[in-house]
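First up is the structure itself, then whatever we jot down about it.
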Amino acid sequence: MKIKLATIIISFFLITNNVQAQTPISNLSPAEYYDFWIGEWDLTWSKSDESIGKGENSIFKILNNFVLKENFNVTDDESMKGFTGKSWSVFNSNNGTWYQTWVDNQGSYLDFIGEIDGEKRIFKRKVQKPDGSIIYQRMVFYDIQPDNFTWDWENSTDNGETWNLLWRINYKRKEVN
Numbered sequence: 020m021k022i023k024l025a026t027i028i029i030s031f032f033l034i035t036n037n038v039q040a041q042t043p044i045s046n047l048s049p050a051e052y053y054d055f056w057i058g059e060w061d062l063t064w065s066k067s068d069e070s071i072g073k074g075e076n077s078i079f080k081i082l083n084n085f086v087l088k089e090n091f092n093v094t095d096d097e098s099m100k101g102f103t104g105k106s107w108s109v110f111n112s113n114n115g116t117w118y119q120t121w122v123d124n125q126g127s128y129l130d131f132i133g134e135i136d137g138e139k140r141i142f143k144r145k146v147q148k149p150d151g152s153i154i155y156q157r158m159v160f161y162d163i164q165p166d167n168f169t170w171d172w173e174n175s176t177d178n179g180e181t182w183n184l185l186w187r188i189n190y191k192r193k194e195v196n
């Protein structure tokens, strides 16, 4: 009985997530803009030698469902062996803005501000380099479907006029057994 109940609850959660992922952004409240990301994900990316890197990501809500917590791990990429990171994303209802903080096992601390461009969800930051020059970095979530989407890590050295692709990750929702 407990197993059946657990299966029903998990199935309901997955169906709810899938409906959320298919909902046009115009039908969502700003606090729901990143809910498509919730779940367990298998990740793949093309490496410079044309081989495929792999990872996994787990995103879930914490703190009374106000914060999205991310747990990112590289599982198969010799050049990034052991890389792991975490992020916390929150919608600030006082100013209507999404924020994300990223930390990882290489000592990175990155802070982002969320924005929307059509159906794309973006976390962006401005960085002043030691020489005083400014670069912009952003994560772009797009082609969002119930069980997959694409994530790009980009930078710009011309105030966001043009963007350079640094890393593209293909997300695929893990299958539930």
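Using the working numbering, you'd call the opening residue of the sequence shown number 20 and step up by one each time.
No residue lacks a Cβ here, since even glycine has one placed at the ideal position from N, Cα and C.
A direct Cα-to-Cα measurement between residue 169 and residue 70 gives close to 18 Å. Around the beta-carbon of residue 62, 16 or more other beta-carbon atoms lie within 10 Å, marking it buried.
Residue 85 and residue 108 have their C-alpha atoms some 9 Å from each other. Residue 178 sits in coil when the DSSP states are folded into three classes, being neither helix nor strand. Straight through space, the alpha carbons of residue 196 and residue 143 are spaced by roughly 36 Å.
Collapsing the DSSP output to three states places residue 124 in coil. DSSP, reduced to helix, strand and coil, places residue 70 outside both helices and strands of the structure shown, so it counts as coil. Counting along the chain, the unbroken beta strand (DSSP E) around residue 143 starts and ends at 139–147. Around the beta carbon of residue 93, a 10 Å sphere encloses 16 or more other beta carbons of the protein chains shown; the residue is thus reported as buried. The three-state secondary structure of residue 85, taken from DSSP, is coil. Inclusion of residue 138 and residue 154 in the CB contact set at 8 Å is not warranted, their separation being larger than that value.
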